[in-house]
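Take a look at the structure below.
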Amino acid sequence: MENFLKPNIVEQTIEAFLKQLSVVNQVINDFIWGPIMLVLLIGTGVYLSLRLGFPQFRQFAYVMKRTVGTLLKKQTATNNANEVTPFQAVATAMASTVGTGSITGIATAIVSGGPGAIFWMWISALVGMVTKYAEIILAVHFRRQNEAGQNIGGPMYYLEYGLHAKWLAVIFSFLTAIACFGIGNMTQAHSIATALDTTFHVNRTVTGIILMIVVGAVILGGIRRIVVVNEKIVPFMAVFYVTCAVITLIANYRAVPNALALIFREAFNFQAAAGGTLGYGIMLAMRYGFARGVFSNEAGLGSAPIAHAASNTKDPVEQGLWGMFEVFFTSIVICTLSALVILTSGLWQGTTLEGAELSIAAFNQSLPFIGGIGVTIATVLFATSTIFGWAYYGEKSIEYLFPNSKTAILIYRMIYVLVVIIGSKGSLTLIWDISDTMNGMMAIPNLIGILGLSGVVIKLTKEHFATIKK
66 MENFLKPNIV
76 EQTIEAFLKQ
86 LSVVNQVIND
96 FIWGPIMLVL
106 LIGTGVYLSL
116 RLGFPQFRQF
126 AYVMKRTVGT
136 LLKKQTATNN
146 ANEVTPFQAV
156 ATAMASTVGT
166 GSITGIATAI
176 VSGGPGAIFW
186 MWISALVGMV
196 TKYAEIILAV
206 HFRRQNEAGQ
216 NIGGPMYYLE
226 YGLHAKWLAV
236 IFSFLTAIAC
246 FGIGNMTQAH
256 SIATALDTTF
266 HVNRTVTGII
276 LMIVVGAVIL
286 GGIRRIVVVN
296 EKIVPFMAVF
306 YVTCAVITLI
316 ANYRAVPNAL
326 ALIFREAFNF
336 QAAAGGTLGY
346 GIMLAMRYGF
356 ARGVFSNEAG
366 LGSAPIAHAA
376 SNTKDPVEQG
386 LWGMFEVFFT
396 SIVICTLSAL
406 VILTSGLWQG
416 TTLEGAELSI
426 AAFNQSLPFI
436 GGIGVTIATV
446 LFATSTIFGW
456 AYYGEKSIEY
466 LFPNSKTAIL
476 IYRMIYVLVV
486 IIGSKGSLTL
496 IWDISDTMNG
506 MMAIPNLIGI
516 LGLSGVVIKL
526 TKEHFATIKK
């Protein structure tokens, strides 16, 4: 055991494992994120927007009133120790959305897809607000209770009990349980290790081991410990990061108009590829904008509804409104601030930096050292809370596949904790590619369920607003 914990032995073992994943994943990734997936993701949001009358615009003030406007009100669970308040469910869902996708993911989108990727991320967010609204409504409407008296739900339940397609529910649960290791674990651990190494020169293996212990201490305590921790972390980390970003942009305010103009101009860049393919620039921007947008807000993946279904709310539409708010705050607010900080710094052009390193360098340029410390702290908080949130998603997927099996859940938790150290040392490019692949695969059965049950969403929405008018 002592020899295994030596950094050089750990590094060699991890590198050998990751090389085996690279080739296979690239083939799957190219197919998953081709034109068909992009059309399905955006098309679902557009279809729902049309059928619901574009509630993300028409009901925006109402959404803010019923979400942000209620944050100052005290919310308490009932005497059931397993019950989760609506805000705790939102905090757990936002813990997984307001993660490194909002910092590291934006940096990789700009480097790989150009500034125009941010425009397409906005488009994906605007239609994604309705997609997430719909999937949360379905999750709350079709949820069940387990033996412990907990509310349990998500795509697997509305696929089985709403669409009556248990085989799709099983596929979704399996893919989600696997996807958690990428999007919710390895990418987050890598961002934490990179940020601490860049700013404080902490050995990545040491970070991985410490993080593994912290994660284990929280997730082995189950849903109550996860939601209680996230309820405390999420509001603080969101306000902290927004404050740091706004101060940075104020310090570099002259460059903001040019950065915004660059986003719109590059979004429609019809440059040709090396082989002469016209429109290569715009396709690249769309591919990374949509992919990183989905990574940051999770609209259409079916992950967040698993957390929302656990709440003790009675009205599915009330909880669905929080889904709209999550996407707006994550992609329109947080991601835009991150993008502007990077673009106004100018460091994204011809850089060898990537991910968290680029974000930290951008903050440091306007606020030397202080900015870097701020984004490092934010990254650690964001990523750690995301690891907790996705641990819950994975656990509930395992619970669906192996009902009432405490052994299966315990084994899954232990594997999830161990994977943390792999992410802290892995290749950033490979980890993001794996995460993109898993995201796309788990989104397919979920989107089928949303489209198939869109009539239920429309019916419940009409009933809710009819009651409000009365």
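In my numbering, the protein residues as written are 66 to 535. Where a beta carbon is used, it is the ideal one built from N, C-alpha and C, also for glycine.
Annotated three-state conformation of residue 312 is helix, per DSSP. For residue 384, the secondary structure class from DSSP, reduced to helix, strand or coil, is helix.
Note on residue 91: under 16 other CB atoms within 10 angstroms of its CB, so exposed under the neighbour-count rule. Residue state for residue 334 is assigned as coil, using DSSP reduced to three classes.
If you look at residue 122, you'll find it in the alpha helix (DSSP H) that goes 120-123.
Annotation: residue 229 is outside any alpha helix (DSSP H) and is labelled neither H nor E by DSSP. Taking 8 Å as the cut-off, the Cβ atoms of residue 309 and residue 195 do not count as close. In the DSSP assignment, residue 209 is bridged to 217.
Out of 458, 431, 303, the CA that lies nearest to the CA of residue 477 is found in 458. In this model, residue 511 and residue 233 are separated by some 8 Å (Cα to Cα). The stretch 466-482 and the stretch 386-393 do not touch, with fewer than 3 CB-CB distances between them shorter than 8 Å. In the structure shown, residue 431 adopts helical secondary structure according to DSSP, grouped into three states. Residue 213 is classed as exposed because its beta carbon has fewer than 16 other beta carbons within 10 Å across all chains shown. With respect to the 8 Å criterion, residue 185 and residue 354 are classified as neighbours on the basis of their beta carbons. A distance below 6 Å between beta-carbons, with the five flanking residues on each side excluded, links residue 482 to the following residues of its chain, in chain order: 277, 280, 281. Taking residue 526 as the centre and dropping the five residues before and after it, the same chain places the C-beta of 117, 382 closer than 7 Å to its C-beta, in chain order. Looking at 426, 297, 254, 167, the one whose alpha-carbon comes closest to that of residue 488 is 254.
In the assembly as shown, residue 266 is an exposed residue. Its beta-carbon has fewer than 16 other beta-carbons within 10 Å. Between residue 350 and residue 363, the C-beta gap is not smaller than 8 Å, which leaves the two residues out of contact. With contacts defined as CB atoms closer than 8 Å, residue 365 and residue 193 qualify as a contacting pair. Here DSSP, grouped into helix, strand and coil, assigns residue 169 to helix. Taking the C-beta atoms as reference points, residue 210 is found nearer than 8 Å to residue 217. Our two residues, residue 352 and residue 272, have alpha carbons roughly 32 Å apart in a direct line. Residue state for residue 176 is assigned as helix, using DSSP reduced to three classes. Closest in C-alpha terms to residue 347, from the list 178, 400, 472, comes 178.
If you draw a straight line from the Cα of residue 258 to the Cα of residue 224, it is about 38 Å long. The Cβ atoms of residue 93 and residue 264 do not sit closer than 8 Å to each other. Cβ contact annotation for residue 380 (same chain, cutoff 7 Å, sequence separation greater than five): 529, in chain order. Secondary structure of residue 253 (DSSP, three-state): helix. Residue 384 is classed as buried because its beta carbon has at least 16 other beta carbons within 10 Å across all chains shown. Under the three-pair Cβ rule at 8 Å, the stretch 239-249 counts as touching the stretch 462-474.
In the three-state reduction of the DSSP assignment, residue 297 falls in the helix class.
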